[in-house]
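Just below is one structure, and these are the notes that go with it.
Numbering (my numbering), first residue to last: 1 to 68.
Given below as structure tokens:
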């Protein structure tokens with residue numbers, strides 16, 4: 001007689017929160033400010049894929065900083 005609540009674990013990785021969504025996608029948010037990357041959503045993928053995408057985006061960000 002209530003709402004079906006499915007609890008999903010939040011994953012902390014390299015200063016970011018990886019939040020699983022109901023459609024098998026992920027919401028990636030920084031844990032705190034200042035933000036190195038803006039929050040973003042992924043397509044349907046695994047946790048390993050999200051971590052690889054985040055690592056790639058972080059490496060792109062640091063290469064832009066080093067180029068400046």
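Where a beta carbon is used, it is the ideal one built from N, C-alpha and C, also for glycine.
Secondary structure note for residue 17: its beta strand (DSSP E) is the uninterrupted segment 16-20. In the DSSP assignment, residue 39 forms no beta bridge with any residue. One thing to note: residue 37 has its Cβ within 9 Å of the Cβ of residue 28. Within the same chain, and ignoring the five residues on either side of residue 25 in sequence, the residues whose Cβ sits closer than 7 Å to its Cβ are 41, 42, 43 and 44. In terms of Cβ geometry, residue 39 and residue 15 do not form a close pair [threshold 9 Å].
Between the alpha carbons of residue 18 and residue 58 lies a distance of about 15 Å.
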